[in-house]
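Residue numbers (our numbering): -2 to 906.
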Ligand code: ATP
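In structure tokens, the structure reads:
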């Protein structure tokens, strides 16, 4: 059946399934052979979406010119050239070009950073090749591959369904319709539109329920989503609420400044000043005052933040999350696997007449069952113990294998622990499988809180084995098994008391029960979840993660509440919550721990208050998670919520930050999330919050640096024209200051490390405006000092015999030196510059060095002197420049101290 080429382009949905199999030269059960898959990989390439058209370098560089400021500059450049001011025109055009190149490079870097993040979260697919099931990355799929789907998967390619059980798919990625649709094997008319092709599971859609096997009919660009992707192009990946706010802010600012520039020009004409010079001055005002570095700084700061988060194992899927993380006020976290290791070891087995301890640790089946007296307990002497162990091992889909001396788990660790416990008691998986061959399964779900399996037993009999949450199993039992195998009415009080005791010790408790004989050989209408005989409890330890306690403490210090949401027993949840610090040891208030039943009984209007008060939510169903998020949001909280299952998706979407588990989470959860934790660890969320706060700080620092300097530049010109005085700085010189300092100085703030104490202050209020009163005060102070300082220096130099070019060069250098000094001040929003440590941001030092070289060049190189109309300065001028810059820095430091003192009583609340 091996063949070199296959055809994929035909409309598969119009053919019967067996013809699709024939056409694609594959096998409905064995799939492709490895060599076929290899050949097709070469023929069709990897299963990835194509690069978007329109995102080529040329288009992107052209996009850099699409900016009102650039239009102004281009017009100014042309007019200047027409006025035969060729040098000035060349400088303006050079600035435009440099600006475009810098913008392009930065945008590309930011996009590349985000792109590489996407590659960190792989989608995996289960494929059958040569009759063997294996897991591959979805890139490796080729047409003809037999792919298996289950609830929670992302469909990895366009699949023609061959077999399915209750398959339901969320196709909103493709059709926009969010209600899941049912898929089934069928032959459809060829004209059936994509949205109605119920025999095909489309790439990029999500399996919300059921299982299926399907044949890949299209990969990569040939899939339906691939076609749409090509048409629509990449989504705007770099937009966040903050960038939108900034874009609006820049637009308003640009219009205002252009108006001011026009007014300046008119004023100059009225005063009968030289029109050419006035025009140039108006252009200089516009160029100087518009903070053109702002968009680039925002993009680059966000991109650096995202990369830093990825290094700490938090992958951002939606950029706004970077900002929102900094304002998070509540983190709702799962228990198992996030606060705990998810490495279960059964410690105690309790049966109505005997309680045994299980020794040994980890998943190695080394250990034994000990009675309270220390004797080895044998399951042969106690039927209830034997059935408890058998149920744990047989009603189970996990496997424990030893590879290279290490015991590894496939499947659910809770189940793996029970396989190990049985093996320690002399009931290894093989013998259990032989004794109890499985006939049917009702899988575990968080909603059902239990699992049931049906097995053949003895000579033609059947037995149902059930394990699950204690309350759930107990309510289905009417008897309990004694050590001799005889039934007795179930003593619920004794079982509940024992389970409560184990739970209070932080152990996860599962109850086991059997029903025998069971009349049918498959689960039918006859309810398998009734008339059960309780056999015993298995209590297992899942140690808290070492990093969880410090991370929870750090969150509390940072004013962030941590709430545990779990499907586990309230006792177990409280014990673990206390161990990691979510619950205070001294806190015995019952309203701190709420169960799902209590939540359901709470009236809607009391829910927000109750949810805000509680720290632990036990026996919560995934549906209730959504209500919890909504209740907290009603209280004005910014909520981060973790989740891993299909049913967690609505809560993840509703949360301000949905957090999915990279290792244990389903694709559906990852798709709904804003952030994916590659290590599933709670401490990573705390790290991401810290980075998020850092990003926002750095953005604020850039704004604090750029606005006063821009406004100062504009004001100098404005004052000169208004007074009819000689310009202390020429338009081309303003251009020089603006372009060089934005790149060499301002952008370096994006690399600023996080400030100490970033996690000791309360979360940022998302409603806080960009320009706070404090920031406006700072803008006024620094811009005022810049204007006064440069005017004074300019006039002083002139008065003491300097040429105009020399005096201007001094003013130009003063601007740059003040900006460089002020840059150090902006490294902390609250603390003074020298308390941060000079060398903690090496980028900044490098930037200052580059700027210094540039200033020496523009001051002393004859060629640059000619272009920029500058002249060499003597030592005295430099001393005055540095003197003024120091005075400005001292003034800013004094303002910071004053503000810190006057706001201290408020922040210590
Ligand atoms: P979280 O991960 O949110 O902290 P959890 O993993 O403890 O929660 P679930 O997986 O929903 O919560 O489990 C809820 C309860 O169901 C558990 O306390 C346990 O009693 C029972 N349970 C868990 N896993 C299984 C399983 N594989 N088979 C049967 N019962 C199970």
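Positions of the beta carbon are idealized from the N, C-alpha and C atoms, including for glycine.
> Sorted by chain position, which residues of the same chain lie with C-beta nearer than 7 Å to residue 704's C-beta, five sequence neighbours on each side aside?
Replying inline: In the chain shown, counting from the first residue as 1, residue 704 sits at position 707. If we look at residue 704 and ignore the five residues flanking it on each side, its Cβ neighbours are 288, 776.
> Leaving out the 5 sequence neighbours to the left and right, which residues in its chain are closer than 6 Å to residue 281 when beta-carbon positions are compared?
Replying inline: By one-based count along the chain shown, residue 281 stands at place 284. Within the same chain, residue 281 has close Cβ partners 714, 728, 731.
> Would a C-beta distance cut-off of 8 Å place residue 215 and residue 140 closer than the cut-off?
Replying inline: Stepping through the chain shown from its first residue, residue 215 is reached at position 218. Stepping through the chain shown from its first residue, residue 140 is reached at position 143. Yes.
>> Just to confirm my understanding: we take residue 597, look at its own chain, exclude 5 residues before and 5 after, and list those with CB closer than 8 Å. What are they?
In response: Residue mapping note: residue 597 aligns to position 600 of the chain shown, counting from 1. Excluding residues within five positions, the ones whose Cβ falls inside 8 Å are 621.
> Grouping DSSP H, G and I as helix and E and B as strand, with all else coil, what is residue 328?
Replying inline: Counted from its first residue, the chain shown places residue 328 at position 331. Strand, per DSSP.
> To which residues of the same chain is residue 485 closer than 7 Å at the C-beta, ignoring the five residues directly before and after it?
Replying inline: For the purposes of this step, residue 485 is taken as residue 488 along the chain shown, with counting starting at 1. 476, 477, 479.
> What are the boundary residues of the alpha helix (DSSP H) that residue 553 is part of?
Replying inline: Residue 553 sits at position 556 when you count from the first residue of the chain shown. From DSSP, the alpha helix (DSSP H) with residue 553 extends over 545 to 554.
> What first and last residue would you give for the beta strand (DSSP E) that runs through residue 439?
Replying inline: Here the question's residue 439 lines up with position 442 in the chain shown. Residue 439 -> beta strand (DSSP E) spans 435 to 439.
> How close, in whole Å, do the beta carbons of residue 98 and residue 71 come, if the pair is a contact with beta carbons under 8 Å?
Replying inline: Against the chain shown, residue 98 aligns to sequence position 101. Against the chain shown, residue 71 aligns to sequence position 74. Incorrect: roughly 15 Å between the Cβ atoms, too far for contact.
> Just reading off the alpha helix (DSSP H) that residue 699 is part of, what are its end residues?
Replying inline: Looking up residue 699 in the chain shown gives position 702. Taken as a continuous stretch (DSSP letters only), the alpha helix (DSSP H) holding residue 699 covers 679 to 720.
> Relative to the C-alpha of residue 959, which residue among 269, 797, 152, 260 is closest?
Replying inline: This structure cannot settle anything about residue 959, because the visible part of the chain is limited to -2 through 906.
> Does any heavy atom of the ligand ATP sit closer than 7 Å to the C-beta of residue 473?
Replying inline: As a first step, residue 473 is located in the chain shown; it is residue number 476 there, counting from the start. Answer for residue 473: no, Cβ out of range of the ligand ATP.
>> Excluding the 5 residues flanking residue 383 on each side, which residues of the same chain have their C-beta closer than 6 Å to its C-beta?
In response: Residue mapping note: residue 383 aligns to position 386 of the chain shown, counting from 1. Cβ within range, chain order: 376.
> Which word fits residue 51, buried or exposed, when buried means at least 16 other C-beta atoms lie within 10 angstroms of its C-beta?
Replying inline: Here residue 51 is taken as the residue at index 54 of the chain shown, counted from 1. Because the pLDDT at residue 51 is just 44, under 50, the model does not fix this residue reliably, and the value given afterwards should be weighed accordingly. With fewer than 16 other Cβ atoms within 10 Å, it is exposed.
> Within 10 angstroms of its Cβ, does residue 850 collect 16 or more other Cβ (buried), or is it exposed?
Replying inline: Locating residue 850 in the chain shown gives position 853, where the first residue counts as 1. The residue is exposed, with fewer than 16 neighbouring Cβ atoms inside 10 Å.
> To the nearest whole angstrom, what separates the beta carbons of residue 314 and residue 672, a pair I think is in contact under 8 Å?
Replying inline: Residue numbering aside, residue 314 sits at position 317 when the chain shown is read from its first letter. Residue numbering aside, residue 672 sits at position 675 when the chain shown is read from its first letter. The pair is a contact, with the Cβ atoms about 6 Å apart (cut-off 8 Å).
> Residue ranges of each alpha helix (DSSP H) run of no fewer than 4 residues wholly in the region 594 to 677, ordered along the chain?
Replying inline: 604 to 610, 619 to 631, 646 to 651, 664 to 669
> Helix, strand or coil: which one does DSSP assign to residue 473?
Replying inline: Residue numbering aside, residue 473 sits at position 476 when the chain shown is read from its first letter. Three-state result, residue 473: coil.
> Thinking just about the alpha-carbon of each residue, which of 721, 852, 860, 779 is nearest to the one in residue 274?
Replying inline: Against the chain shown, residue 274 aligns to sequence position 277. With distances taken between Cα atoms, residue 274 lies closest to 721.
> Within this structure, are the beta carbons of residue 680 and residue 785 separated by less than 8 Å?
Replying inline: Along the chain shown, read from residue 1 onward, the residue named residue 680 stands at position 683. Along the chain shown, read from residue 1 onward, the residue named residue 785 stands at position 788. For residue 680 and residue 785, no; Cβs fall outside 8 Å.
> Beta-carbon separation of residue 847 and residue 741 under 8 Å?
Replying inline: The count along the chain shown starts at 1 and reaches residue 847 at position 850. The count along the chain shown starts at 1 and reaches residue 741 at position 744. Contact: yes.
> Going by the C-beta, is residue 246 closer than 7 Å to any heavy atom of the ligand ATP?
Replying inline: In the chain shown, residue 246 corresponds to position 249, counting from 1. No, since every heavy atom of the ligand ATP falls outside the 7 Å radius drawn around the Cβ of residue 246.
> Nearest CA to the CA of residue 595: which residue from 481, 675, 615, 783?
Replying inline: What you label residue 595 is simply residue 598 of the chain shown in a count that begins at 1. For residue 595, the nearest C-alpha among the options comes from 615.
>> Could you check if residue 332 belongs to the surroundings of the ligand ATP, using beta carbon to heavy atom distance under 7 Å?
In response: Counting from 1 along the chain shown, the entry for residue 332 is found at position 335. Checking the Cβ of residue 332 against the ligand ATP gives yes.
> Apart from the five residues on each side of it in sequence, which residues of its chain come closer than 8 Å, Cβ to Cβ, to residue 232?
Replying inline: One-based indexing of the chain shown puts residue 232 at position 235. Note that residue 232 scores a pLDDT of 38, beneath 50, so its modelled location is shaky; the value from the coordinates is reported in the next line. If we look at residue 232 and ignore the five residues flanking it on each side, it has no Cβ neighbours.
> CB residue 167 to CB residue 177, shorter than 8 Å?
Replying inline: Locating residue 167 in the chain shown gives position 170, where the first residue counts as 1. Locating residue 177 in the chain shown gives position 180, where the first residue counts as 1. Yes; because the gap between Cβ atoms is below 8 Å, this pair is in contact.
> By a C-beta neighbour count over all protein chains shown, 10 Å radius and 16 as the cutoff for buried, is residue 887 buried or exposed?
Replying inline: Here residue 887 corresponds to residue number 890 of the chain shown, with the count starting at 1. Looking at its Cβ environment, which holds fewer than 16 other Cβ atoms inside 10 Å, residue 887 is exposed.
>> Below 8 Å on the Cβ atoms is my contact criterion, and I expect residue 285 with residue 707 to pass it. Report the Cβ-Cβ distance as a whole number of Å.
In response: Start at 1 with the first residue of the chain shown, and residue 285 comes out as number 288. Start at 1 with the first residue of the chain shown, and residue 707 comes out as number 710. So it is a contact: roughly 6 Å between Cβ atoms.
> Under a three-way DSSP split, which group does residue 389 fall into?
Replying inline: As a first step, residue 389 must be located in the chain shown, where it is residue number 392. Note: residue 389 maps to helix in three-state DSSP.
> Is residue 409 near the ligand ATP, in the sense that its beta carbon is under 7 Å from a heavy atom of that ligand?
Replying inline: Here the question's residue 409 lines up with position 412 in the chain shown. Residue 409: yes, Cβ under 7 Å from the ligand ATP.
>> On a Cα-Cα basis, can you pick out the residue from 676, 780, 146, 658 that is closest to residue 716?
In response: One-based indexing of the chain shown puts residue 716 at position 719. Looking at the Cα atoms, 780 is the closest of the given residues.
>> Just checking residue 505 against the ligand ATP - is the residue's beta carbon closer than 7 Å to any of the ligand's heavy atoms?
In response: Position 508 of the chain shown, counted from the first residue, corresponds to residue 505. Yes.
> Can you round the beta-carbon distance between residue 151 and residue 189 to whole angstroms, since I take them to be within the 8 Å contact cut?
Replying inline: For this step, residue 151 is matched to residue 154 along the chain shown. For this step, residue 189 is matched to residue 192 along the chain shown. Wrong, their Cβ atoms sit about 23 Å apart, outside the cutoff.
> Excluding five sequence neighbours on each side, which residues of the same chain lie with their C-beta closer than 7 Å to the C-beta of residue 856?
Replying inline: Translated into positions along the chain shown, residue 856 becomes position 859. The residues are 806, 810, 867, 869, 870.
> Given residue 823, which residues of its chain have a CB within under 6 Å of its CB, disregarding the five upstream and five downstream residues?
Replying inline: To locate residue 823, count along the chain shown from 1; it is residue 826. Cβ within range, chain order: 698, 701, 702.
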